[in-house]
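Colleague: Shown below is the structure under consideration.
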Amino acid sequence: MFSAGPAGSARVRTDPPIDPNKGKKILWKWGIPCWLAVILVSTLWPFNFWARNKAALGPQDGLRLIPPSTVYSAAPPLKLSRIGKFTILLDLTPDSSDGNGYARIVAYSLDESRRNFLLAQWNDSLVFLMETAGGNRRVHFEVEGVLRKGERQSLALAYDGQALSLYRNGDLRSTRRTGPLDFSGWNSGYPLVIGSEGNGKYPWRGSIHCLAVFDRPMTGDEIRSLGERNHGARQAFDPPLIRYEFGNGRGTVIKDLGKGAPADLLIPEHFAPYARSILGKPPAGLGDLWADKKDKILNVLLFLPLGFLLARHLRSRGFSLPRAVLLTTALGFGLSLTVELLQAFLPSRESDLMDLISNTLGTLAGSFINKIDRGTRRRTMVN
């Protein structure tokens, strides 16, 4: 703008006063929504809330599993919960020999903390985890060099009341003595799940051609004979308890050809796991708490700037520091809770109670930075 001077003098331009806090106001105005966008993208990407189930049946590949995919029994297989000695036969072709975590091939469970047993892949190892009653509550049997990428192979896991034995293509690969095991603690309400955990997590990639469970231990000669007849349980000596021939399947229902009440499998059209885990379970001890400390630290760092920006904005609006910290922490908790609830519906994400806690702590820590910053500026002005 211009102001008039004395007569005959030039008009002088005078600029409006400069707001020293203009840059900060822009930062608070745009910084908060921008960081909210960063949080939502980093925690909910790729936003596939209505993903298609990629499990499919075919005469060549059998049951083809490409994440996200899941297949599970229409109802809990009660006959499976009553077994003692057993043999599990698998005819499968893995797609890879590396991975992150135990990729579930077969799981008799609901989620990571509620299971009877599972067969999983860890790199090229086959992992068998089983819950039992009594002193030794969990059996962990792992054999390396078994699952080879792109190679069709027949696996047999037998328990004879004293030991677990694993055969590959009829050859004994490993034995572990366990002594008598008590399965009375098994939960008969768990489903049988193929290709993932009961909650849809830890997917496995590959093809399964046949799965059979016998309610007796097969001998080494029997297993070698089955291997010589080219894969699995097609020429079994007696009817198995459970048997699925995936190469003969069509549609969305896989018939159980075993004895007793059938435990048919379902292939849902969309990725809808048997049960969703929301917020999971708190860790059993400090060891479990710090098992994934890297993820928890990243969660704190992700929400820390949000806490700083929100508290700074509220302080500029006249809120006292305690009120700003309290409201900021509540907003961070609400945002984190919303994210964790949404993650329960994403195939590649996991809803976790510890994530909710670490996110809230990050927001709280960020809000306290304002107090540190104000104290530093006051000391600078005094000096």
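In the numbering used here, the protein residues as written are 19 to 401. Glycine is no exception: its CB is placed at the ideal position from the N, C-alpha and C atoms.
(1) When you compare the CB positions of Asn217 and Asp142, do they come within less than 9 Å of one another, or not?
(2) Which same chain residues, not among the five before or five after Pro198, have their C-beta less than 8 Å away from its C-beta?
(3) Is the Cβ-Cβ distance between Leu81 and Lys72 less than 9 Å?
(4) Could you tell me the distance, in whole angstroms, from the CA atom of Ser225 to the CA atom of Gly265?
(5) Using the three-state DSSP reduction, which class does Gln171 fall into: helix, strand or coil?
(6) What are the residues that DSSP puts in a beta bridge with Tyr185?
(7) Report back the beta-carbon spacing between Val161 and Leu184 to the nearest angstrom; my notes put them in contact at under 8 Å.
(8) How long is the line joining the alpha carbons of Ala174 and Ile375, rounded to whole angstroms?
(9) With distances taken from CA atoms, which of Ile272, Lys277 and Glu287 is nearest Ala92?
(10) Which residue from Leu54, Pro95 and Ile57 puts its Cα closest to that of Lys277?
(11) Looking at the secondary structure, which residues open and close the alpha helix (DSSP H) in which Ser334 lies?
(12) Where Val164 and Gln171 are concerned, what is the direct C-alpha to C-alpha distance, given to the nearest angstrom?
(13) At the level of alpha carbons, what is the spacing between Val145 and Leu136?
(14) Counting pairs of beta carbons, one from the region 60-71 and one from the region 190-197, are three or more of them closer than 8 Å?
(15) Does the count of Cβ pairs from the region 106-116 and the region 221-241 closer than 8 Å reach three?
(16) Could you have a look at Asp109 and say whether DSSP puts it in helix, strand or coil?
(17) Looking only at its own chain, which residues have a Cβ that is under 7 Å from the Cβ of Ile296, when we skip the five neighbours before and after it?
(18) I believe Val318 touches Ala329 by the beta-carbon criterion, under 8 Å. Please report the beta-carbon distance rounded to the nearest angstrom.
(19) Hey, quick one: how far does the beta strand (DSSP E) through Ala125 stretch, first residue to last?
(20) In terms of alpha-carbon separation, which member of Arg294, Ser99, Arg186 and Glu215 lies closest to Phe414?
(21) For a quick check, are the C-beta atoms of Ala69 and Phe289 less than 9 Å apart?
(22) How should Ile123 be labelled, buried or exposed, when 16 other C-beta atoms within 10 angstroms of its C-beta is the threshold for buried?
(23) In or out: Thr356 buried (at least 16 other Cβ within 10 Å) or exposed?
(24) For Leu382, name the three-state secondary structure that DSSP assigns.
(25) Would you kindly report the start and end of the unbroken alpha helix (DSSP H) that includes Arg341?
(26) Identify which residue in Phe159, Gln139 and Thr237 has its Cα closest to the Cα of Thr105.
(27) Is Ile101 helix, strand or coil when you go by DSSP?
(28) Please report the Cβ distance between Lys167 and Ser114, rounded to the nearest whole angstrom; I am assuming they are in contact, meaning their Cβ atoms lie under 8 Å.
(29) Quick check on the burial criterion: 16 or more other C-beta atoms within 10 angstroms. Buried or exposed for Ser334?
(30) With H, G and I counted as helix, E and B as strand and the rest as coil, what does DSSP make of Ile296?
(31) I need the DSSP call for Glu240, collapsed to helix, strand or coil.
(32) Do you know offhand how far Leu345's Cα is from Phe321's?
(33) Counting only runs that start and end within the region 44-82, where is the beta strand (DSSP E) found for 3 or more residues in a row?
(34) For the beta strand (DSSP E) that contains Val231, what are its first and last residues?
(35) For Arg261, count neighbouring C-beta atoms within 10 Å of its own C-beta (all shown protein chains included) and say buried if the count is 16 or more, exposed if not.
(36) Go ahead and label Pro235 buried or exposed: buried means 16 or more other beta carbons lie within 10 angstroms of its beta carbon, across all protein chains shown.
Modeller: In brief:
(1) Position 199 of the sequence shown, counted from the start, is the residue given in the question as residue 217. Position 124 of the sequence shown, counted from the start, is the residue given in the question as residue 142. No.
(2) By one-based count along the sequence shown, residue 198 stands at place 180. Same-chain partners within the cutoff: Gly179 and Gln180.
(3) Within the sequence shown, residue 81 is the residue found at index 63, counting from 1. Within the sequence shown, residue 72 is the residue found at index 54, counting from 1. It is not a contact, given that the beta carbons lie outside the stated cut-off.
(4) For this step, residue 225 is matched to residue 207 along the sequence shown. For this step, residue 265 is matched to residue 247 along the sequence shown. Computed Cα separation, rounded: 10 Å.
(5) Position 153 of the sequence shown, counted from the first residue, corresponds to residue 171. Strand, per DSSP.
(6) Here residue 185 corresponds to residue number 167 of the sequence shown, with the count starting at 1. According to DSSP, Tyr185 shares a beta bridge with Ala174 and Leu190.
(7) Here residue 161 refers to the residue found at position 143 of the sequence shown. Here residue 184 refers to the residue found at position 166 of the sequence shown. So it is a contact: roughly 5 Å between Cβ atoms.
(8) Numbered from its first residue, the sequence shown carries residue 174 at position 156. Numbered from its first residue, the sequence shown carries residue 375 at position 357. Near 43 Å, if we compare the C-alpha coordinates of Ile375 and Ala174.
(9) By 1-based counting over the sequence shown, the position of residue 92 is 74. Nearest C-alpha to Ala92: Ile272.
(10) Reading the sequence shown from its first residue, position 259 is the one you call residue 277. Taking only the C-alpha atoms, the option nearest Lys277 is Pro95.
(11) Counting from 1 along the sequence shown, the entry for residue 334 is found at position 316. Lys311 to Ser334 is the span of the alpha helix (DSSP H), which, as asked, contains Ser334.
(12) Locating residue 164 in the sequence shown gives position 146, where the first residue counts as 1. Locating residue 171 in the sequence shown gives position 153, where the first residue counts as 1. Answer to the nearest angstrom: the Cα atoms are 9 Å apart.
(13) Along the sequence shown, one-based indexing puts residue 145 at 127. Along the sequence shown, one-based indexing puts residue 136 at 118. Whole-angstrom Cα-Cα distance: 8 Å.
(14) no
(15) yes
(16) Looking up residue 109 in the sequence shown gives position 91. The answer is strand: DSSP assigns Asp109 an E or B state.
(17) Indexing the sequence shown from 1 puts residue 296 at position 278. Around Ile296: Leu359, Ala362 and Ser369.
(18) For the purposes of this step, residue 318 is identified with residue 300 of the sequence shown, where counting begins at 1. For the purposes of this step, residue 329 is identified with residue 311 of the sequence shown, where counting begins at 1. Wrong, their Cβ atoms sit about 16 Å apart, outside the cutoff.
(19) Within the sequence shown, residue 125 is the residue found at index 107, counting from 1. Unbroken beta strand (DSSP E) run through Ala125: Ala121 to Asp129.
(20) Not covered by the structure: residue 414. The range shown for the chain is 19 to 401.
(21) The count along the sequence shown starts at 1 and reaches residue 69 at position 51. The count along the sequence shown starts at 1 and reaches residue 289 at position 271. Going by C-beta atoms, Ala69 is nearer than 9 Å to Phe289.
(22) As a first step, residue 123 is located in the sequence shown; it is residue number 105 there, counting from the start. Residue burial is scored here from C-beta neighbours: Ile123 has at least 16 other C-beta atoms within 10 angstroms and is therefore classed as buried.
(23) What you label residue 356 is simply residue 338 of the sequence shown in a count that begins at 1. Answer is exposed; the Cβ neighbour count stays below 16.
(24) Start at 1 with the first residue of the sequence shown, and residue 382 comes out as number 364. Leu382: helix per DSSP, three-state reduction.
(25) Your numbering for residue 341 matches position 323 in the sequence shown. First-last of the alpha helix (DSSP H) with Arg341: Leu339 to Gln361.
(26) Within the sequence shown, residue 105 is the residue found at index 87, counting from 1. Residue Thr237 is the option with its Cα nearest to Thr105.
(27) Translated into positions along the sequence shown, residue 101 becomes position 83. In this structure, Ile101 counts as coil in the three-state DSSP scheme.
(28) By one-based count along the sequence shown, residue 167 stands at place 149. By one-based count along the sequence shown, residue 114 stands at place 96. The Cβ separation is near 5 Å, so the contact holds.
(29) For the purposes of this step, residue 334 is taken as the residue at position 316 of the sequence shown. Exposed: under 16 other Cβ atoms inside 10 Å.
(30) Counting from one through the sequence shown, the residue named residue 296 turns up at place 278. Correct three-state label for Ile296: coil.
(31) Within the sequence shown, the letter at position 222 stands for residue 240. Note: Glu240 maps to helix in three-state DSSP.
(32) Stepping through the sequence shown from its first residue, residue 345 is reached at position 327. Stepping through the sequence shown from its first residue, residue 321 is reached at position 303. Within the model, the alpha-carbon separation for Leu345 versus Phe321 is close to 15 Å.
(33) With a minimum length of 3 residues, the continuous beta strand (DSSP E) runs that stay inside the region 44-82 are 74-76.
(34) Taking the first residue of the sequence shown as position 1, residue 231 is located at position 213. Looking at the DSSP string, the run of the beta strand (DSSP E) that includes Val231 is Gly224 to Phe232.
(35) If you number the sequence shown from 1, residue 261 lands on position 243. Per the 10 Å Cβ criterion, buried.
(36) Indexing the sequence shown from 1 puts residue 235 at position 217. With 16 or more other Cβ atoms within 10 Å, it is buried.
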